[in-house]
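A quick write-up on the structure given underneath.
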Amino acid sequence: QVQLVESGGGLVQPGGSLRLSCAASGFTFSRYAMSWYRQAPGKKRELVAEITRGAGVSTNYADSMKGRFAISRDNDKNMVYLQMNSLKPEDTAVYYCYTRIEPTGYWGQGTQVTVSS
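According to this note's numbering, the sequence shown holds residues 1 to 117 in order.
Now the structure itself:
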């Protein structure tokens, strides 16, 4: 079955960096786009970044993450990453890995990122 397992969250000071990882299994990873979402307390889940499948991958970011976050994938390892730099307190949230294999969307369990001094 499809599994997405996030890791790499934690507590970081403002201005710091974290790299999140998502290990995917149960499907042909290279054939599907992958995304990161986040949900802060009391807020709706929002798209952070997405990366397409295939040889000429392209990426897309929410405006507030452009220039600070970078999504990447390793099709040999079935992994997707989110490098987060210049973190701000408002980046505090649970971060989720996501993919859609029609007609179903799949979520990981999430990893907590807390940005605080």
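The C-beta atom is built at its ideal place from N, Cα and C for all residues, glycine as well.
First and last residue of the uninterrupted beta strand (DSSP E) at residue i
i	result
Asn60	59-61
Ser7	3-7
Leu87	No beta strand (DSSP E) holds Leu87; DSSP gives it neither H nor E.
Gly10	10-12
Tyr37	34-39
Selected residue, minimal CA-CA separation from residue i, among the options
i	options	result
Ala33	Arg73, Gly108, Ser86	Arg73
Val2	Phe29, Tyr37, Leu11, Pro14	Phe29
Gly54	Gln83, Pro41, Asn75	Asn75
Ala40	Gln109, Glu90, Val5, Ser17	Glu90
Cys22	Met84, Asn60, Asn78, Arg45	Asn78
Thr114	Val5, Gly15, Leu4	Gly15
Gly56	Ala62, Val5, Asp63, Arg31	Arg31
Rounded separation between residue i and residue j - CA only
i	j	result
Lys43	Tyr81	23 Å
Ala49	Tyr96	11 Å
Ser58	Ser116	32 Å
Ser25	Gly9	20 Å
Ala70	Ser86	12 Å
Thr104	Lys66	28 Å
Arg45	Phe27	24 Å
Buried or exposed (CB count within 10 angstroms, at least 16 for buried), residue i
i	result
Gly102	The question names Gly, but residue 102 is Glu in the sequence shown. Classification for Glu102: exposed.
Thr141	The structure shown does not extend to residue 141, since the chain is modelled only from 1 through 117, so no value can be given for it.
Ser35	buried
Leu11	exposed
Thr99	buried
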